[in-house]
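What follows is a single structure, written as structure tokens, with notes after it.
In the working numbering, the protein residues as written are 93 to 504.
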């Protein structure tokens, strides 16, 4: 029979016995090589042996697909300094007292949970659901640990809905430092007061490191950030939300024009306008020759739609150009004049929004910061919700987001 050896990789122990049971799992009995411990009352180092405690059975990493259990009878020591001479049981640093697993096995479970579900890990590892949840609660907090964060740089504020139908909103607060996104909070609701309360709770040493706050146009977020940080921090309304509002107005005009053309054009001619909705939403540089022909056909029948389409692209070009905030503000004001001179009414509401948020929108041009990292995290959160068939507990949601973001760097 071939024999090979592997390292147990557990410090401060010697292997006393290895047993392969009939149920095909491995029991490794070990003894401590550490002399003494610290008294649980006075904290002094003690070395007077007082026998052994009960056998502890700990689940460990599998070997060749077989479950492995570490058995150890911890040594007990008596304190000669304290009244009553209390006894303390030695605890080694590779397991936690009252835990049924070694620490390295706990970390293995946490790594398994990244981009997975508690139920899946429970089935694969042969652990109870509550046992897996216990590991999650022992290692992953339900709130941010500010001591682990050195700086914040850029904050992101956005909301997601916990249920279908855009109900039960929660606010997601994140930070972006050197290309890395960190989850800071999942707040119940999205009111201005809720957000302000959290922003005020940020430690002063970290509040000083905030350079910008990225958000959509929701006044609850922009006003909360402005009131907490003042003029020292730039509030940036995300350029992609600006573009979305503009495109929505274009899409509204498209619906009206298509409805009109359906009545006026022959069935054969109207068929040539197939997929115009998606074509209008694509970047002009990405259109195929066939799609360009569809656009030409549409614009022949609807010059007003062509004008609105060109104005939308002109606005996009402003955001694409490498210009200063002041130049951008001038060009956006010129764009608004063009819209008014064109006689188009579809952009009226959008222009009012530009007027209201002009300063925050043009803050983008200072360092060209966006909420892209926030939107990217929102997509990850949606995947987490679908994978777990919905998560309504915001503390559990925070844990799962944190684990998916940090799990590989912490436990891989």
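The beta carbon of each residue, even a glycine, is placed where N, CA and C say it ideally should be. Here the structure is a predicted model, which means the values were calculated and not measured.
Point to revise | Enclosing beta strand (DSSP E) for residue 274 [first to last residue] | key: 272 to 280
Check your understanding: Between the Cα of residue 447 and the Cα atoms of 422, 463, 110, 216, which residue gives the shortest distance?
Key -> 422
Point to revise | At least three beta-carbon pairs within less than 8 Å, the stretch 377 to 394 to the stretch 353 to 366 | key: yes
**Study point:** Integer Cβ distance of residue 123 from residue 105, believed to fall under 8 Å
**Key:** 6 Å
**Study point:** When 302, 291, 332, 499 are compared against residue 315, the one with the closest alpha-carbon
**Key:** 291
Check your understanding: From residue 485 to residue 471, what does the alpha carbon distance come to, in whole angstroms?
Key -> 18 Å
**Study point:** 9 Å Cβ cutoff met for residue 129 and residue 181
**Key:** yes
Exercise for review: Please list the segments of the beta strand (DSSP E) lying wholly inside the stretch 98 to 150, counting only runs of 3 or more residues, in order along the chain.
Suggested key: 105 to 112, 118 to 124, 140 to 144
Practice item. Return the CA-CA distance between residue 148 and residue 164, expressed in angstroms with no decimal places. Key: 5 Å
**Study point:** Residues near residue 251 in its chain [Cβ-Cβ closer than 6 Å; skip 5 each side]
**Key:** 261, 263, 282
Exercise for review: Would you kindly report the start and end of the unbroken alpha helix (DSSP H) that includes residue 317?
Suggested key: 311 to 321
Check your understanding: What number of angstroms, rounded off, separates the C-alpha of residue 453 from the C-alpha of residue 216?
Key -> 49 Å
Review point. For the 8 Å Cβ check, are there 3 or more pairs between the stretch 183 to 198 and the stretch 135 to 142?
Key: no
Exercise for review: Determine, using beta carbons only, whether residue 116 and residue 158 come nearer to each other than 9 Å.
Suggested key: yes
Check your understanding: In whole angstroms, what is the alpha-carbon distance linking residue 418 and residue 459?
Key -> 13 Å
Review point. Considering only the beta carbon of each residue, do residue 302 and residue 325 sit closer than 9 Å?
Key: yes
Practice item. Measure the beta-carbon distance from residue 306 to residue 466 and round it to whole angstroms, keeping in mind my assumption that it falls under 8 Å. Key: 6 Å
**Study point:** Cβ shell of residue 268 (< 7 Å), same chain only, five flanking positions each side left out
**Key:** 245, 246, 248, 465
Check your understanding: What are the complete beta strand (DSSP E) segments, minimum 3 residues, inside the stretch 172 to 246?
Key -> 179 to 181
Review point. Hey, residue 209 and residue 438 are a contact pair by Cβ (cut 8 Å); roughly how many whole angstroms apart?
Key: About 46 Å; that fails the 8 Å criterion.
Practice item. May I ask you to report which of helix, strand or coil DSSP gives residue 397? Key: helix
**Study point:** N-terminal and C-terminal residue of the alpha helix (DSSP H) that residue 473 is part of
**Key:** 464 to 479
Check your understanding: Per DSSP, what kind of secondary structure is residue 461 in: helix, strand or coil?
Key -> coil
Check your understanding: Which one or two residues does DSSP pair with residue 265 in a beta bridge?
Key -> 277
Point to revise | beta strand (DSSP E) runs contained entirely in the stretch 350 to 377, provided each spans 3 or more residues | key: none
Review point. Using the rule of at least 16 other Cβ atoms within 10 Å of the residue's Cβ for burial, across every protein chain shown, is residue 125 buried or exposed?
Key: exposed
**Study point:** Anticipated Cβ contact below 8 Å, residue 407 with residue 349, distance rounded
**Key:** With 8 Å as the limit, residue 407 and residue 349 do not qualify as a contact, their Cβ atoms being about 20 Å apart.
Check your understanding: Can the beta-carbon of residue 278 be found closer than 9 Å to that of residue 312?
Key -> no
**Study point:** Nonlocal neighbours in the same chain, by C-beta distance under 8 Å from residue 214, ignoring five residues either side
**Key:** 220, 221, 223, 224
Exercise for review: On a CA-only basis, which of 496, 445, 456 is nearest residue 469? Give me that one, please.
Suggested key: 496
Review point. Where does residue 253 fall in DSSP's three states?
Key: strand
**Study point:** Three-state secondary structure (DSSP) of residue 421
**Key:** helix
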